[in-house]
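Asker: Numbering of the sequence shown is given in this note's numbering, commencing with residue 29 and proceeding in unit increments.
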Amino acid sequence: MKPLILLLIGTGTLLAQSITNATLDESEVRITYGELKRLVAATLPKEPPAPKPSPPIPAALLSALYHLDTHADTITADMQVENFDGEWHTVPLAGAATGVLMVEPKDARLVVVDDSLCLITDKAGAQNVKLTFALDKAGQGTTLHLAASPIASLDVEEIPTGKVLRLQHVNTSQNITGAGLVALPALGGEVTFTFEDARKASQSPIASLVDDAIVSMAGYTTQVVRDGSALTEGTITVRHDHPVKFMLQLPESAKLLQCHVNGDPVRPTVGEANRVEIHLDDPATDGAESEVKLSFTAVLAPLQPAEGELDLALPQTPLFAKQIDWNVQLPATYDLSFSGNVDPITDKATAPGLHLRKSLCRDQQPQARITFRKRTAN
Numbered sequence: 029m030k031p032l033i034l035l036l037i038g039t040g041t042l043l044a045q046s047i048t049n050a051t052l053d054e055s056e057v058r059i060t061y062g063e064l065k066r067l068v069a070a071t072l073p074k075e076p077p078a079p080k081p082s083p084p085i086p087a088a089l090l091s092a093l094y095h096l097d098t099h100a101d102t103i104t105a106d107m108q109v110e111n112f113d114g115e116w117h118t119v120p121l122a123g124a125a126t127g128v129l130m131v132e133p134k135d136a137r138l139v140v141v142d143d144s145l146c147l148i149t150d151k152a153g154a155q156n157v158k159l160t161f162a163l164d165k166a167g168q169g170t171t172l173h174l175a176a177s178p179i180a181s182l183d184v185e186e187i188p189t190g191k192v193l194r195l196q197h198v199n200t201s202q203n204i205t206g207a208g209l210v211a212l213p214a215l216g217g218e219v220t221f222t223f224e225d226a227r228k229a230s231q232s233p234i235a236s237l238v239d240d241a242i243v244s245m246a247g248y249t250t251q252v253v254r255d256g257s258a259l260t261e262g263t264i265t266v267r268h269d270h271p272v273k274f275m276l277q278l279p280e281s282a283k284l285l286q287c288h289v290n291g292d293p294v295r296p297t298v299g300e301a302n303r304v305e306i307h308l309d310d311p312a313t314d315g316a317e318s319e320v321k322l323s324f325t326a327v328l329a330p331l332q333p334a335e336g337e338l339d340l341a342l343p344q345t346p347l348f349a350k351q352i353d354w355n356v357q358l359p360a361t362y363d364l365s366f367s368g369n370v371d372p373i374t375d376k377a378t379a380p381g382l383h384l385r386k387s388l389c390r391d392q393q394p395q396a397r398i399t400f401r402k403r404t405a406n
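1) Could you pull out every unbroken beta strand (DSSP E) segment of at least 3 residues lying fully inside the stretch 55 to 141, listed in chain order?
2) In chain order, which continuous runs of the beta strand (DSSP E) of length 3 or greater are located wholly inside the stretch 181 to 218?
3) Would you check if the stretch 249 to 258 and the stretch 350 to 369 touch, i.e. whether three or more CB-CB distances between them fall below 8 Å?
4) Assuming residue 262 contacts residue 347 (C-beta within less than 8 Å), just tell me the rounded distance between them.
5) Taking C-alpha atoms, which residue in 121, 273, 195 lies nearest to residue 91?
6) Just the C-alpha distance for residue 221 and residue 374, rounded to the nearest angstrom, thanks.
7) Beta-carbon within less than 6 Å of residue 381's beta-carbon, same chain only, minus the 5 sequence neighbours each way: which residues are those?
8) Indicate whether the contact test is met: 3 or more Cβ pairs, each with one atom in the stretch 189 to 205 and one in the stretch 282 to 296, closer than 8 Å.
9) Leaving aside the five residues before and after residue 102 along the sequence, list all residues of the same chain whose C-beta is less than 6 Å from its C-beta, in chain order.
10) Give the straight-line distance between the Cα atoms of residue 225 and residue 172, rounded to the nearest whole angstrom.
11) So who's on the other strand from residue 397, going by DSSP bridges?
12) Would you be able to state if there are at least three C-beta pairs under 8 Å between the stretch 267 to 287 and the stretch 103 to 121?
13) Measure from the alpha carbon of residue 366 to the alpha carbon of each residue in 388, 340, 351, 379, then state which is nearest.
14) What is the DSSP secondary structure of residue 300, reduced to helix, strand or coil?
15) What separation, rounded to the nearest whole angstrom, lies between the Cα atoms of residue 94 and residue 215?
16) Rounded to whole angstroms, how far is the Cβ of residue 209 from the Cβ of residue 174, which I believe are closer than 8 Å?
17) Give me the residue from 260, 264, 256, 259 with the minimum Cα distance to residue 246.
18) Nearest-angstrom Cα distance between residue 231 and residue 194?
19) Going straight from the alpha carbon of residue 233 to that of residue 206, what length do you get?
20) Would you tell me roughly how many angstroms separate the C-alpha atoms of residue 361 and residue 332, rounded to the nearest one?
21) Please go through the same chain and pick out, in chain order, the residues whose beta-carbon is closer than 6 Å to the beta-carbon of residue 319, but skip the five residues on each side of it.
22) Return yes when the Cβ of residue 188 is within less than 8 Å of the Cβ of residue 256, no when it is not.
As structure tokens, then:
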């Protein structure tokens, strides 16, 4: 048996060697179509995943919660900012007209961009920033330019005895008599915080729906000379019961020269879009009037010798105006006519130039297109 076993082992070894050394190119392999499909798919390059769409807003201020502390004389803003893509962005937090006393965290990078105080960050995700502003409990109060935020509120911890807190936004106001939470405008904008004598402040729930001031009378004179230089001088009478901010938007190309309130020179705040804010102090009696005088210049195209046209405009105010009179004067060698949203008046025919009037208007800009022609000799 042993010789037979050795013979079988030797034969198997020779057969294995002959199979191993055989060429496999002519061999056949039979597999199913499903197996073939999987093998081909495994050899193909894989497609890269579709890129993640960019967020519609790369970064934003999500909430702004303001806390008023009358003991520390501060207004603290707790803000939540989110950077959605992790790139560098500047997120507006407040207007730059009012400085910040303190910022937390201390390594937060604040910059001023386009008259706004902004957080510059490349940190992805949400982050909290706290800004502290000084609170002026006397005089004109404190004005903050709030950044737009979907969640905006004011937490009032305490009101001093005998006082009310007046919130002024554009031409609406609200009186706060005690501690509580107050909603602020989501669109942002300037809000003034003023403490007033509770005996003078109206406690009526409809007080915020009533205009704080009206323009009872305004008179302007615009002079234009041959080279196109223009000077406008105006006197505006404002009737008001409380301290107010009288807002005017000058014509686009105008430059403010001087401003007086009740005979005293003042320095108005000039903001974006040529907007001017003039502080009017608390009147001595309810229904008192403040007289505002201002002047501004503009540079127009030179007047043509024979005939031509020029566009003129007066300041625009959100207050209701009962009457605005306007005298337009060009060199005496021209005959004048006009078109626009103003009406002619004839009760001042003895004075030179055109006499125009805008009556019973609110947040409208008096405008006139002046047509001038060289006066012909009779």
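For glycine and all other residues, C-beta sits at the position ideal for the given N, C-alpha and C.
Answerer: For this structure:
1) 87 to 97, 102 to 111, 117 to 123, 130 to 132, 138 to 141
2) 191 to 197, 200 to 204, 208 to 211
3) yes
4) The Cβ separation is near 14 Å, so there is no contact.
5) 121
6) 45 Å
7) 355, 356, 357
8) no
9) 160, 163
10) 22 Å
11) 339, 367
12) no
13) 340
14) helix
15) 15 Å
16) Residue 209 to residue 174, Cβ: 16 Å. No contact.
17) 264
18) Legend: pLDDT at residue 231 = 44, less than 50; position of this residue unreliable, value from coordinates given subsequently. Those two C-alpha atoms are separated by around 11 Å.
19) With a pLDDT of 43 at residue 233, under the threshold of 50, the modelled position of this residue cannot be trusted; read the value that follows with caution. Whole-angstrom Cα-Cα distance: 14 Å.
20) 12 Å
21) 265, 290
22) no
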